[in-house]
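What follows is a single structure, written as structure tokens, with notes after it.
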Amino acid sequence: MSTYQKQVSTAKKGHSTKKKHRYYSKEKRSQKLNEQSQRMRKTLKSRDMIFLLFFGCCLVFLWQNSTHQVSGSSMLPTLENNDRIIVRKGRLPERYELITFDPEIPDETSYVKRVIGLPGDQLWAEANAIYLRPQKAGKGVLNTASPMPAEELPDSTLKVIVSEEIFQELRDIHKIPEGSYFVLGDNRSASKDSRTMGLITEKQVEGVVTYRYFPLNKIGEVK
């Protein structure tokens, strides 16, 4: 049978078992402090760069975008009351995109509507109705010189009933002018739009709605 003997180190007579601190010269201590200082500066620089990068991205985002809160039911079912949306500023809209714009009505905030008519689209007014046809709709042109039965209207022609004031305003215009748009709310029965406000100018447009960030269960792109 083998035996196991536990070895215990003992201090020599006249010596202490307490671990001694390593002695550094002044030059060595200075070098150590410099190394620690350099490591600290590198760490702080990295953190500063990350913070500055994040701060810069936030500034760019705020410069290019703005946020809005939807009020009312004029854009149901696409947007609901109290939805929060992100709007890309400075971009001209394409057909059927949603935009926010200044309605230029006292005490009214921004409106959000869908772009139905673009600059250059053919326009024809008759009997309190506006007929809109996209510029690139293909063959067939609206005959703006004389009335045309509904069954003879070219494909892709949209008929919109407008107010008497807007009818009089648009009756002599045969194309949507440059820098103007015809907009409608998705919920026609509860929307104040181009039917009563007329064409929206480019100067009124704030931007194109791109994203919904609230409520959380509906986060995503807006189309």
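Counting from 88, one number per residue, gives the positions in the sequence shown under the working numbering. Beta carbons are placed, not taken as given, at the ideal position from N, Cα and C, and that holds for glycine.
- DSSP places ILE248 in the strand class (E or B) of the three-state scheme.
- Here the alpha carbon of THR196 sits roughly 7 Å from the alpha carbon of ASP189.
- Every beta strand (DSSP E) of 3 residues or more that sits fully in the segment 147-203 is shown, in chain order, as 152-156, 171-176, 185-188.
- In the DSSP assignment, no residue is bridged to VAL309.
- Straight through space, the alpha carbons of ILE137 and GLU289 are spaced by roughly 38 Å.
- Per DSSP, the beta bridge partners of THR288 are SER267.
- DSSP places LEU210 inside the beta strand (DSSP E), whose first and last residues are 209-213.
- Taking C-beta atoms as the reference points, LEU210 and LYS262 count as a pair closer than 7 Å.
- With 16 or more other Cβ atoms inside 10 Å of its own Cβ, ALA212 counts as buried.
- Taking a cut-off of 8 Å for Cβ pairs, the segment 240-258 and the segment 277-285 touch, as three or more such pairs fall below it.
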